[in-house]
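Chemist: Before we start, here is the structure in question, set down as structure tokens.
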Amino acid sequence: MKLVYFAWVRQQVGVSQETVTPPAEVQTVEDLMSWLAGRGEGHARAFADRSRIRAAVNQVHAGPAARVGAGDEVAFFPPVTGG
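Taking my numbering as reference, the numbering of the sequence shown is continuous, increasing by one, and the terminal residue is 74.
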């Protein structure tokens, strides 16, 4: 699974992208965020307040219950506002 991080999420995690192999029990975006939060201090900071993070699975906005799989690209980013 390819993960891509944007804006302050990238700053907290310390990389713009990474490839991971989560355990089989990681089946949703929420599961993935929980698993990532346990990977280290940067990930823990980035995923501490999940209300501040949005996700896209294969470039389509996805909620916490969206399914994720081994071949997916999952992007994490802050909420976007327009003006």
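Glycine included, each C-beta is placed from N, C-alpha and C at the ideal position.
Cα separation between residue 22 and residue -4?
Modeler: 17 Å
Chemist: If contact is defined by three or more beta carbon pairs under 8 Å, each pair taking one atom from either stretch, is the stretch 59 to 67 in contact with the stretch 28 to 35?
Modeler: no
Chemist: DSSP three-state call for residue 4: helix, strand or coil?
Modeler: helix
Chemist: Counting only the same chain and skipping the five closest in sequence on each side, list residues whose C-beta sits under 7 Å from that of residue -2.
Modeler: 68 and 69
Chemist: Return helix, strand or coil for residue 28, following the three-state DSSP convention.
Modeler: helix
Chemist: Closer than 7 Å by C-beta to residue -7: which residues in its own chain qualify, once you throw out the five before and the five after it? Chain order, please.
Modeler: 8, 10 and 64
Chemist: Can you name the residues that DSSP bridges to residue 45?
Modeler: 68
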